[in-house]
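For reference, the structure discussed in these notes is given below.
Number of protein chains: 2
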Amino acid sequence: MPTPASLINAALAAEVYKAQPEGLYEPIRYTLLGGGKRIRPALMLTAAAIYGAEPEQVMPAAIALETYHNHTLLHDDLMDRADVRHAKPTVWKRWDANTAILSGDTMLLLALRKLTECRCERWDELHRLFLDTFIEVCEGQQYDMNLERRTADDVSIGEYLEMIRLKTSVLVACAAKAGGLIAGAADDECDLLYAFAEKIGLAFQLQDDVLDVWGDPAVFGKANGGDIACGKKTYPLLTALSLAPSDERAELLRLLRPETDSEAARIRRVTAIYDRLGVRALCEEAVRAYYDEARALYDRLPLSEAAKRPLWLWAERLMGREK
Amino acid sequence: MPTPASLINAALAAEVYKAQPEGLYEPIRYTLLGGGKRIRPALMLTAAAIYGAEPEQVMPAAIALETYHNHTLLHDDLMDRADVRHAKPTVWKRWDANTAILSGDTMLLLALRKLTECRCERWDELHRLFLDTFIEVCEGQQYDMNLERRTADDVSIGEYLEMIRLKTSVLVACAAKAGGLIAGAADDECDLLYAFAEKIGLAFQLQDDVLDVWGDPAVFGKANGGDIACGKKTYPLLTALSLAPSDERAELLRLLRPETDSEAARIRRVTAIYDRLGVRALCEEAVRAYYDEARALYDRLPLSEAAKRPLWLWAERLMGREK
Chain Z
0 MPTPASLINA ALAAEVYKAQ PEGLYEPIRY TLLGGGKRIR PALMLTAAAI YGAEPEQVMP
60 AAIALETYHN HTLLHDDLMD RADVRHAKPT VWKRWDANTA ILSGDTMLLL ALRKLTECRC
120 ERWDELHRLF LDTFIEVCEG QQYDMNLERR TADDVSIGEY LEMIRLKTSV LVACAAKAGG
180 LIAGAADDEC DLLYAFAEKI GLAFQLQDDV LDVWGDPAVF GKANGGDIAC GKKTYPLLTA
240 LSLAPSDERA ELLRLLRPET DSEAARIRRV TAIYDRLGVR ALCEEAVRAY YDEARALYDR
300 LPLSEAAKRP LWLWAERLMG REK
Chain B
0 MPTPASLINA ALAAEVYKAQ PEGLYEPIRY TLLGGGKRIR PALMLTAAAI YGAEPEQVMP
60 AAIALETYHN HTLLHDDLMD RADVRHAKPT VWKRWDANTA ILSGDTMLLL ALRKLTECRC
120 ERWDELHRLF LDTFIEVCEG QQYDMNLERR TADDVSIGEY LEMIRLKTSV LVACAAKAGG
180 LIAGAADDEC DLLYAFAEKI GLAFQLQDDV LDVWGDPAVF GKANGGDIAC GKKTYPLLTA
240 LSLAPSDERA ELLRLLRPET DSEAARIRRV TAIYDRLGVR ALCEEAVRAY YDEARALYDR
300 LPLSEAAKRP LWLWAERLMG REK
């Protein structure tokens, strides 16, 4: 049986996006066909499938969501001046900033146009969910940019969690609920799907923060300490700042600034402080708590374990916990 | 009776757009409440009114279109590095490029969310018209950026007309047709409204090119020759290049480059060439031809002259031809 990701990649490849002008559409194809784990559309297909919907019913909305997600990557990469995505130059790097803006805008419109192809009784609700979620994602990106401008000891863990919820989790939650809406699941089941995926999204994001510091580079795919090197506010950092005595707090803040020492020394020293304060266990506990919350919500879905199993398998795969 | 523009300004002012985060929503309020002639929503209200619709029925779609239009200004001003809009600093100037990108994205989403408030039997068609038009506007902006990179003698008048049609006219046309759709006009009447407004949009844009060179600065609001000074491809320039003998052609191309002479001298010299070639009359003829085409389409609208009169008055006002 084809995996959801392979179905999605085939559907994306079948999209034509080759209209004129070339300068507008080529970066869109480059972005959409350039890889990605297809986490969100795979979740949408899975959530719909456990309620009996066929992939074809869900595919327009799944492609719409993935196109939207790639629109955000295109604009975020420009705003963050990120050079590389999926091992390739980002659009603003390969072309220029204006191309990233305009092709990005077009992707958002193509996403919403794709959604109109979805035949579904609750289309209005689905559409409104998409728009409300997309606006929340913009708010999350703004909070993220606000956090960057502030000093780390001024940012609370609550603010950080709200930022990542808006910036990343609500879109995952939207994907799950959309699957339920399209498949005709009951309102409370759609809400459970949303809440389940929102928690998994938070667990995933915090786990990402943990892996950046302590993950196996061979598995994680990048060297440890990237977030420390660039002074990013992360769950480990904010946790450490909330626990550290004042001299260590001051040292952490100092070590966030690139001019203080070599990158390797800064990473080594910050990690040592984390380890002394027991930050890793606290972070893993937070990941676990969200994961368990998601499991409890999953357990409340009124379907047989056999019927809903694919949804939990999606979560385990996302978290790298397949057995 | 309140004018359409005053109704629209009141409706925009009543929109709440004051959610958090402030850094995202303040530039949106600044843009939406910062002025503008409200040409497009006024047209939508007018087109709907001649078919008997009340302003309240049309307002959500009218506000949506105006919000979308302002989204394009926000992103275009960044792409064009324009410093001033409506006598105020543009968003990227007053804040920064990232703010222009993200608040601009949010405005596009707010526009489409506003459209969902429109109660109308043909909502799906209205929505699809909006999305298709918005995608065309992106294509027009891309063609405009492509034209900027090319030398003027490589650009045909046909390409220029297609660029301005996509970049500006289709949105005006969309406004008129949307008014018809909301008011329940027949299909062929909606198509006439679209074609009428598309032609008026083209007439307006070409007239703008003419006024830049020969308009009364006291009426037009800017000094003559701004387009010449920045080497912009315009209808007068492309017309002149198509008519000029090869030595004058070469001189025109040379004069487009700012380093060749003082700005005043370049404007004076290019205008003299235009005048020698009779470019002004040819441009005014082109404006007149579109204006007459629009009038012929207006005449075909199967309503009494008294009933449809406000639509023509809108066109005359836009073109500055009120009697």
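Chains Z and B supply the protein sequences, listed in that same order.
Be aware that the first sequence starts at 0, since it is given in numbering that gives the first Met the number 0, and climbs by one per residue.
Be aware that the second sequence starts at 0, since it is given in numbering that gives the first Met the number 0, and climbs by one per residue.
Even for Gly, the Cβ is constructed at its ideal location relative to N, Cα and C.
In this text the structure is predicted, and so the values were computed from the model without any measurement.
Neighbour flag for residue i against chain B, beta carbons, 7 angstroms
| i | result |
| --- | --- |
| Z:GLY22 | yes |
| Z:ARG308 | no |
| Z:PHE133 | yes |
| Z:ASN97 | yes |
| Z:CYS229 | no |
| Z:TYR67 | no |
| Z:TYR142 | yes |
| Z:MET162 | no |
| Z:ASN223 | no |
| Z:LEU170 | no |
| Z:LEU165 | no |
| Z:LEU108 | yes |
Contact check, residue i vs residue j, beta carbons under 7 angstroms
| i | j | result |
| --- | --- | --- |
| Z:ARG39 | Z:VAL171 | yes |
| Z:LEU191 | Z:ARG299 | yes |
| Z:GLY22 | Z:HIS70 | no |
| Z:ILE227 | B:LEU108 | no |
| Z:ALA151 | Z:LYS221 | no |
| B:CYS323 | B:ILE181 | Residue 323 of chain B lies beyond the residue range present for chain B, which begins at 0 and ends at 322; the question has no answer from this structure. |
| B:LEU42 | B:ALA174 | yes |
| Z:THR45 | Z:PRO301 | no |
| Z:LEU114 | Z:ALA60 | yes |
| B:LEU276 | B:ALA239 | yes |
| Z:ILE374 | Z:MET106 | Any property of residue 374 of chain Z remains undetermined from this structure, which presents chain Z solely from 0 to 322. |
| Z:LEU201 | Z:TYR289 | yes |
Backbone CA spacing between residue i and residue j [nearest angstrom]
| i | j | result |
| --- | --- | --- |
| B:LYS198 | B:PHE129 | 18 angstroms |
| B:ARG37 | B:ARG268 | 36 angstroms |
| Z:GLU53 | B:VAL154 | 50 angstroms |
| Z:GLU323 | B:ARG149 | Any answer about residue 323 of chain Z is impossible in this case: the structure gives chain Z only from 0 up to 322. |
| B:ALA12 | B:LEU32 | 7 angstroms |
| B:GLY34 | B:HIS85 | 6 angstroms |
| B:LEU146 | Z:VAL278 | 56 angstroms |
| B:ALA9 | B:LEU72 | 21 angstroms |
| B:ASP260 | B:LEU252 | 13 angstroms |
| B:LEU317 | B:GLU188 | 21 angstroms |
| B:ALA99 | B:TRP311 | 36 angstroms |
| B:ALA110 | Z:ASP123 | 16 angstroms |
| Z:PRO216 | Z:VAL209 | 12 angstroms |
Proximity test, Cβ basis, 7 angstroms: residue i and chain Z
| i | result |
| --- | --- |
| B:THR105 | yes |
| B:ARG112 | yes |
| B:ILE100 | yes |
| B:LEU73 | no |
| B:CYS137 | yes |
| B:MET318 | no |
| B:LEU128 | no |
| B:LEU180 | no |
| B:ASN145 | yes |
| B:MET78 | yes |
Whole-number beta carbon distance between residue j and residue i, since they are thought to touch under 8 angstroms
| i | j | result |
| --- | --- | --- |
| Z:LEU255 | Z:GLY230 | 4 angstroms |
| Z:VAL90 | Z:TYR29 | 7 angstroms |
| B:GLY224 | B:ILE163 | Not quite, the Cβ-Cβ distance comes to about 20 angstroms (not below 8 angstroms), so this is no contact. |
| Z:LEU296 | Z:PHE195 | 4 angstroms |
| Z:TYR50 | Z:GLY214 | Rounded, the Cβ-Cβ distance is 35 angstroms, inconsistent with contact. |
| B:LEU64 | B:TYR159 | At roughly 25 angstroms, the Cβ-Cβ gap does not stay under 8 angstroms, so B:LEU64 and B:TYR159 are not in contact. |
Delimiting residues of the alpha helix (DSSP H) encompassing residue i
| i | result |
| --- | --- |
| B:ALA177 | 169 to 182 |
| Z:LYS113 | 96 to 114 |
| Z:ASN223 | No alpha helix (DSSP H) holds Z:ASN223; DSSP gives it neither H nor E. |
| B:LYS323 | Absent from the structure is residue 323 of chain B, since the part of chain B shown begins at 0 and ends at 322. |
| Z:ASP190 | 186 to 213 |
| Z:GLY20 | Here the sequence assigns Pro to residue 20 of chain Z, which means Gly is not the residue at that position. Careful: Z:PRO20 lies outside any alpha helix (DSSP H) and carries neither H nor E. |
| B:SER5 | 3 to 13 |
| Z:LYS92 | 90 to 93 |
| B:HIS85 | Here B:HIS85 belongs to no alpha helix (DSSP H), and DSSP marks it neither H nor E. |
| B:TYR290 | 278 to 299 |
| B:GLY157 | 156 to 163 |
| Z:TYR50 | That residue, Z:TYR50, is in no alpha helix (DSSP H); it is neither H nor E in DSSP. |
| B:PRO235 | 234 to 242 |
| Z:THR132 | 122 to 148 |
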